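J.:
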Amino acid sequence: MSNPIISMACASIPLMEAAGFQHAIKGARKQGSKAARQQGSKGRRSLPDTRLPCAPLLPCCLAALLPCCPLPFPAFIYIPHPDTPSMAVVSISIGGSIMSPHDADPAFIRDLAALLLRKAKKHRLVLVVGGGTPARRYIELCRLFGADESFLDEVGIRATRMNASVLLSAVRGMAYPRVADDLDEAVNASHRFPIVVMGGTHPGHTTDAVTVFMGERLHADRIVITTNVPGVYTADPKKDPDARLLERLTPEKLVEIVGSMPHEAGSKGVIDPLGAKLVARSRIVTYVLDGRDLRSLDSAIEGKRFRGSVISP
C-alpha cells in the first residue's frame, strides 16, 4: 500500500514545478523514490523527512493558505514556528478602562501597540481586551428595559470584541488576523502568531477570567492585569483615603479582598471575584498595574520590577 505522505507529495510536484521550484523538487523526488523502494522491499518502516524548506519561496497567496491546509500537505512543507524555548508566554488583560475610559485615545492606543509589537519579538502575547465605558453604558441601557443578566453579559462581550478590534487593527503586523472567539481558537492561533487578540468569550466569564484561563491553557510564564489604578489596594482607593497599595500578596489574600464584592454584568473593580479565584487556582505569578503606565507595563511583561502588585503563591 502506498504511503499517503509520499503520494500527496508526488501529486503536488506538478503544481510546484509550474511555480518554478524545480531545484527544490529534484532532491525531494530522489528522497521520495528511495523511501518508496525501501518500504516496498522491507515492509513498514520509518520514512526519511521529506519536508521541503521552501515556505519562504512560495507565492504569498499559497503561503497564506498553508496553515489552513489539511494534513498531510503541511507534513512535507516546513513552516517556521514562533513557539521557541526562548519566547516567554504572557497572558495580558487590557482593561476596558484603559482602552475606552470615556472616549478612545488614538495616541495612547498607538503607543500601547508600539510597546506590544516590540515585546512580541521575544514573547508570545495573548491580549484580552475589556469593554470599558461603552460596555457599561449599553449594559445599563439594556438593564433599564428589563434584560436579564445572561443577555447583559452578551452585550458586554460584544463591546469587548469591538475594543479588541481596535487594538487588533493597531498590532495587525504581527497578530492573528481576527479577534479570537473562544479559548480553543486563541490557543491554536498562539502557536502560529506572536500576538493573539480577543475579548470576552462566554456569559459569566469576565475578561479577567478569560486572561487567566488562557494563562492556564498556554502554561504562561506570567499573567498581567492592567487597570486604571496602580495595583491591588486594601480597599477601594477612590472611596477610602486610607487604602494602601499592596506591593506583594498571596492569591488567597487577593480572594479575601475582592471575593466578597458583588459582581454583575458591567461592574468595575481592579479584578473581579471570579478572576481572583482563578488566579488562586492557576498558581501563576500575576502582576496588577495601571495600564496607562507603559513603562511599568513594559517591565511587567519582561518579568522585571515595576510599580504595582505582585500576586504570588
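Those letters in the sequence shown? Residues 151 to 463, by this note's numbering.
Each residue gets a CB set at the ideal place from its N, CA and C atoms; glycine is no exception.
Here the structure is a predicted model, which is why all the values come from computation and not from measurement.
#1: Short check: CB of P284 to CB of S250, under 9 Å?
#2: Tell me which residue opens and which closes the alpha helix (DSSP H) that R431 is part of.
#3: Under the assumption that A336 contacts V279 (Cβ atoms under 8 Å), give the Cβ distance between them as a whole number of angstroms.
#4: With H, G and I counted as helix, E and B as strand and the rest as coil, what does DSSP make of S243?
#5: Within 10 Å of its beta-carbon, does A330 have 16 or more other beta-carbons around it, so buried, or fewer, so exposed?
#6: Mind checking which residues open and close the alpha helix (DSSP H) that includes L444?
#7: Buried or exposed, going by whether 16 or more other CB atoms sit within 10 Å of the CB of F295?
#8: On the DSSP bridge list, what partners appear for T377?
#9: Just the C-alpha distance for D303 and H352, rounded to the nearest angstrom, thanks.
#10: Measure the alpha-carbon distance for D448 versus K269 and round it to whole angstroms.
#11: Count the other CB atoms, across all protein chains shown, that sit within 10 Å of the CB of H273; report buried if there are 16 or more and exposed otherwise.
#12: I need the DSSP call for R328, collapsed to helix, strand or coil.
#13: Measuring only the C-alpha atoms, how far is I434 from L275?
#14: Could you give the residue range of the alpha helix (DSSP H) that holds R342?
#15: According to the neighbour-count rule (16 or more other Cβ atoms, all chains shown, within 10 Å of its Cβ), is G349 buried or exposed?
#16: Ignore the nearest five residues each way along the sequence and tell me which others in E402's own chain have a CB closer than 8 Å to its CB.
#17: With H, G and I counted as helix, E and B as strand and the rest as coil, what does DSSP make of A238?
#18: Would you check if there are 3 or more beta carbon pairs closer than 8 Å linking the stretch 383–400 to the stretch 258–266?
#19: Helix or strand or just coil, what does DSSP make of V276?
#20: Helix, strand or coil for S250, going by three-state DSSP, please let me know.
#21: Using the Cα positions of S462 and K454, report the straight-line distance between them to the nearest angstrom.
#22: In chain order, what residues of the same chain lie with their CB nearer than 8 Å to the CB of L333, ignoring the 5 residues before and after it?
#23: Suppose you measure from the CA of D443 to the CA of L277; what does that come to, to the nearest Å?
#24: Are the beta-carbon atoms of T376 and L439 separated by less than 9 Å?
T.: Let me spell this out:
#1: yes
#2: 423–432
#3: That belief does not hold up - the Cβ atoms of A336 and V279 are roughly 12 Å apart, past 8 Å.
#4: strand
#5: buried
#6: 444–452
#7: exposed
#8: D440
#9: 8 Å
#10: 8 Å
#11: buried
#12: coil
#13: 15 Å
#14: Element bounds for R342: n/a, residue is neither H nor E.
#15: buried
#16: A430
#17: strand
#18: no
#19: strand
#20: coil
#21: 14 Å
#22: T351, V360, F363, M364, R367
#23: 17 Å
#24: yes
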